[in-house]
Amino acid sequence: MMYLSIGLGMFVGMNTIFLPCHLIDTRGYILEPSSSLTPFLNSLLSQLLTLLGYLILIAKKDPLAIYPLLRKYPTSIRALYDAEGYISKSVILANKDPQIIKLCSRVLQLLKIHYIIRQNRCPNIMKDPRTNKLYPTKPIIYEVYIRRCCLMRFRKYIGFEISRKNEKLDELIERRRKLGDIRHKIKWCPPT
10 MMYLSIGLGM FVGMNTIFLP CHLIDTRGYI LEPSSSLTPF LNSLLSQLLT LLGYLILIAK
70 KDPLAIYPLL RKYPTSIRAL YDAEGYISKS VILANKDPQI IKLCSRVLQL LKIHYIIRQN
130 RCPNIMKDPR TNKLYPTKPI IYEVYIRRCC LMRFRKYIGF EISRKNEKLD ELIERRRKLG
190 DIRHKIKWCP PT
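Take our numbering: the last position of the sequence shown gets the number 201, and nothing is skipped along the way.
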């Protein structure tokens with residue numbers, strides 16, 4: 010499951026990859042097969058890295074092709090929310106690729122998390138603030154909003170790997186719990 014979420018984060022364009030500490034050396038690089046590891050671990054690590062590379066190639070061509078793996082490990086979309094998600098009045102995943110949005114919506118349906126998909130327009134050109142280069146972009150951005158009733162369910166099954174985002178999600182859930190039940194008559198989806 011960990012390798013699948015790494016692959017998802019990489020094909021979405023995430024710059025940071027989270028691996029368990031025993032696979033990372035002191036400089037933060039992924040360990041390559043070496044003589045310091047046992048032969049069994051060498052072969053296992055090289056096979057897993059090969060499988061990860063293969064999954065990334067498949068996912069870049071057609072994101073929906075990895076849906077059978079996500080059915081088995083649905084919480085692997087956490088990497089998508091870590092890379093492309095943010096919290097304002099709800100938990101939102103923003104992406105310009107409709108295939109990725111469709112993949113995410115299928116997994117959310119599998120987990121019985123209610124959501125809304127909205128399309129927003131964005132500028133056709135993006136300017137990099139560091140280099141001042143201009144890049145062409147797609148004119149439509151898709152956003153997946155998690156419904157208020159399923160915020161606790163989202164927290165339990167998906168959540169965030171980034172502690173800052175988890176804290177914001179907890180604050181949002183607490184704020185919705187205090188205000189939402191009275192003002193909006195929210196019926197919370199059970200987190201089980």
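Where is the CB? At the ideal position from N, CA and C, for every residue including glycine. The structure presented is a predicted model; accordingly, all values stated were derived computationally and were not measured.
Asked: Where residue 185 falls, given that 16 or more other Cβ within 10 Å makes a residue buried; Found: buried
Asked: For residue 94, the three-state DSSP class (helix, strand or coil); Found: strand
Asked: Pick from 116, 79 and 147 that is closest to residue 131, judged by C-alpha positions; Found: 147
Asked: Sub-8 Å separation of residue 122 and residue 157 beta-carbons; Found: no
Asked: Segment contact flag, the stretch 168–179 with the stretch 114–128, C-beta cutoff 8 Å, min 3 pairs; Found: no
Asked: The stretch 139–154 touching the stretch 96–113, judged by at least three CB pairs closer than 8 Å; Found: yes
Asked: Inter-residue Cα distance where the pair is residue 65 and residue 188; Found: 42 Å
Asked: Proximity to residue 182 [Cα-Cα], best of 90, 58, 80 and 98; Found: 98
Asked: Secondary structure of residue 121, DSSP reduced to three states; Found: coil
Asked: For residue 188, the three-state DSSP class (helix, strand or coil); Found: helix
Asked: Validate contact between the stretch 82–89 and the stretch 109–119 using beta carbons, cut 8 Å, 3 pairs; Found: yes
Asked: Selected residue, minimal CA-CA separation from residue 101, among 67, 159 and 155; Found: 155
Asked: Opening and closing residue of the alpha helix (DSSP H) in which residue 76 lies; Found: 76–81
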